[in-house]
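**Student:**
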Amino acid sequence: MKKNMLAIVILAATLINLTLTAVSLFVVVPNAKQTNALITKVLQVIDLELESPIPMGDNSIDITDLETYLLNENNEIYVTLTNEPNETKTHIASVKCSLSINKKSEDYSALQPLIAEQEDRIIEIVSKVIEGYKKSNLLENKEQIKETILTEVQTLFGSDFIVNVTFSQFLAQ
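Here the sequence shown is numbered in this note's numbering, starting from 8 and rising by one per residue.
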């Protein structure tokens, strides 16, 4: 009789263990995945710039010689991104972009007033470059996007008095 009772206790303990394992599998694991996804999104939103926005090297520019021009000053620039193949959902990027201008450049006095006049064309350049990317590869190509925008803006003005492009906000949804 004692052996049967012991077998029933072992069977009951095994069933309880199986039940608790199933509960943890269906309750705890999905919550952990959701938490992991949330942490990933927060880190993408923060997207700290670890590199200096000021070009360094032999031709470094003193910070007192730089002027910052914020594009679309009070609003973000919204850009529709390229869709992945077979995807119907539209993704949008929201950016706040500024230009770093070298006040010691020979072209500064002649071209600086033209920035406000050409702001719509500069925003169009920013939009055109960003919309060529998909949501999946947008954030990992941020530096390449900045370089492309800088090159096209320098070409627009025919001068290199604009020395850098900086994003204070760079989000994709």
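Quick reminder that beta carbons are idealized off the backbone N, C-alpha and C, glycines included.
Determine whether the beta carbon atoms of Glu74 and Lys110 lie at a separation below 8 Å.
**Tutor:** Yes, Cβ-Cβ distance for Glu74 and Lys110 is below 8 Å.
**Student:** Hey, Glu138 and Val86: beta-carbon distance below 8 Å or not?
**Tutor:** It is a contact, given that the beta carbons lie within the stated cut-off.
**Student:** Can you tell which of Glu113, Glu154, Asn144, Leu118 has its C-alpha closest to the C-alpha of Val133?
**Tutor:** If we check each option's Cα against that of Val133, Glu154 comes out closest.
**Student:** Can you tell me the Cβ-Cβ gap for Ile108 and Ile169, rounded? I've got them flagged as a contact below 8 Å.
**Tutor:** With 8 Å as the limit, Ile108 and Ile169 qualify as a contact, their Cβ atoms being about 6 Å apart.
**Student:** Per DSSP, Ile23 forms a beta bridge with which residues?
**Tutor:** Answer by DSSP bridge pairing: none, since Ile23 is not bridged.
**Student:** So, helix, strand or coil for Phe33, using DSSP?
**Tutor:** Helix.
**Student:** Going by Cα to Cα distance, which pick from Asn24, Ile15, Asn79, Lys135 is closest to Ile122?
**Tutor:** Per the Cα distances, Asn79.
**Student:** State the Cα-Cα distance for the pair Lys142 and Thr47, rounded to the nearest angstrom.
**Tutor:** Their backbone Cα atoms lie some 14 Å apart in a straight line.
**Student:** How far does the alpha helix (DSSP H) with Leu121 in it extend, from its first residue to its last?
**Tutor:** From DSSP, the alpha helix (DSSP H) with Leu121 extends over 115-124.
**Student:** With DSSP collapsed to three states, give me the class of Ser112.
**Tutor:** In this structure, Ser112 counts as coil in the three-state DSSP scheme.
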